[in-house]
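If you count by UniProt numbering, then the sequence shown holds residues 1 to 298, one letter each, in order. The beta-carbon is built from N, C-alpha and C at its ideal position, and this holds for glycine as well. In this text the structure is predicted, and so the values were computed from the model without any measurement. Okay, so here's the structure we're looking at.
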Amino acid sequence: MVVRLIFSANLQRSTDSAHQTQTNIAVDKCSMASRNENYTILVMSAAVLVMADVNKKKRRQRHWWRTNLFKKRSGTGILMDLKSQEISGQYKNFTRMTPTDFENLLQRIGPHISKQETYFRTPISAQDRLAVTLRFLATGDSYTSLQYLFRISKQSIGRVVPQVCAALIKELQEYIKLPKTPTAWKQVSKIFETRWNLPHCVGALDGKHVVLQAPVKSGTEFFNYKSNFSIVLSALVDGVYNFMFADVGCQGRISDGGVFKASKLYQQLTENRLGLPEELEGCSMQIPYFLPAIAHLL
Numbered sequence: 001m002v003v004r005l006i007f008s009a010n011l012q013r014s015t016d017s018a019h020q021t022q023t024n025i026a027v028d029k030c031s032m033a034s035r036n037e038n039y040t041i042l043v044m045s046a047a048v049l050v051m052a053d054v055n056k057k058k059r060r061q062r063h064w065w066r067t068n069l070f071k072k073r074s075g076t077g078i079l080m081d082l083k084s085q086e087i088s089g090q091y092k093n094f095t096r097m098t099p100t101d102f103e104n105l106l107q108r109i110g111p112h113i114s115k116q117e118t119y120f121r122t123p124i125s126a127q128d129r130l131a132v133t134l135r136f137l138a139t140g141d142s143y144t145s146l147q148y149l150f151r152i153s154k155q156s157i158g159r160v161v162p163q164v165c166a167a168l169i170k171e172l173q174e175y176i177k178l179p180k181t182p183t184a185w186k187q188v189s190k191i192f193e194t195r196w197n198l199p200h201c202v203g204a205l206d207g208k209h210v211v212l213q214a215p216v217k218s219g220t221e222f223f224n225y226k227s228n229f230s231i232v233l234s235a236l237v238d239g240v241y242n243f244m245f246a247d248v249g250c251q252g253r254i255s256d257g258g259v260f261k262a263s264k265l266y267q268q269l270t271e272n273r274l275g276l277p278e279e280l281e282g283c284s285m286q287i288p289y290f291l292p293a294i295a296h297l298l
């Protein structure tokens, strides 16, 4: 009897344990199914959001690539208005050159600065590109100011000006030539003598401070005696104002003599590589060829 009771108790515990195991397995299966279902829902939700965003972009109205101000661009209209009043000199004052010179310059650099017209937009014309660059070089106006004058965005002007300047340098550098032979220097001297009654002169040298904003962390390196920041442009011209040599970039704080001594012209002069003519023969005193400039440079 006792043995039967013990066996019955053990059998009951075994049955309960098996039932508990089956219950745990069922719970695990339910949890796994629930996780799979949640993952599926998450993926489907993400897909729905992506499709909704795509459809929204398709329905989104396309915006213009420029504002209404710049769509009414008429930079060339300014030049046309000034050209009609050329007698007053307003065109030359605006561009620093005559209409004829402007057109000649445009023909030379036009192929280098023109952009191809596309289906989406009409590019800035070569005439406008040259005009806004010349105005910037003549006045130093900010790009923000120029954008209202020419109806070209300041971002575009920031790209146009360096491109046009590079084209000008490439196309016109042949016009700035320093004489290499005694014969060429004598021709320059002859013009000074006949036009200005200044014999033995082979060029006029001077400089100009070009005002700029002080570069970052430059301190007083570009601060000049006029109490502003600048770089120095020094140039040598012949008797009819043609440039023979130009040097730009020296810091504004440097004196005129220092600017000259830092130039390639001074280096070639001291090394006797300019090819200047010999001193005038048959005279009791030495009469060398010279460059009139600021007094302490002579």
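Between Val164 and Ile124 a beta carbon distance of about 11 Å is seen, past the 8 Å cut, so the two are scored as non-contacting. One thing to note: Phe150 has its Cβ within 8 Å of the Cβ of Val132. Spanning the alpha carbons of Thr100 and Gln107 requires a straight line of approximately 11 Å.
Taking 4 residues as the minimum length, the alpha helix (DSSP H) runs contained wholly in the segment 77-136 are 90-95, 99-113, in order along the chain.
In summary, Ile287 is exposed, with fewer than 16 beta-carbon neighbours lying within 10 Å of its beta-carbon over all protein chains present. Collapsing the DSSP output to three states places Ala214 in coil. Spanning the alpha carbons of Glu171 and Leu291 requires a straight line of approximately 28 Å.
Ser153 carries a coil assignment under DSSP once its states are collapsed to helix, strand and coil. The continuous beta strand (DSSP E) containing Ser230 extends over residues 230-237. Within the same chain, Cβ atoms closer than 8 Å to the Cβ of Phe222 are found at Leu212, Ala214, Pro215, Phe229, Ser230, Ile231, Gln251, Gly252, Arg253, the five residues on either side in sequence being excluded. Within its own chain, the residues whose Cβ lies closer than 7 Å to the Cβ of Phe102, once the five positions on either side in sequence are excluded, are Thr95, listed in chain order.
Nearest C-alpha to Trp185 among Cys201, Trp196, Asn197, Gln173: Cys201. For Asp238, the CB contacts under 7 Å within the same chain, skipping 5 residues up- and downstream, are Val188, Ile191, Gly203, Met244 in chain order.
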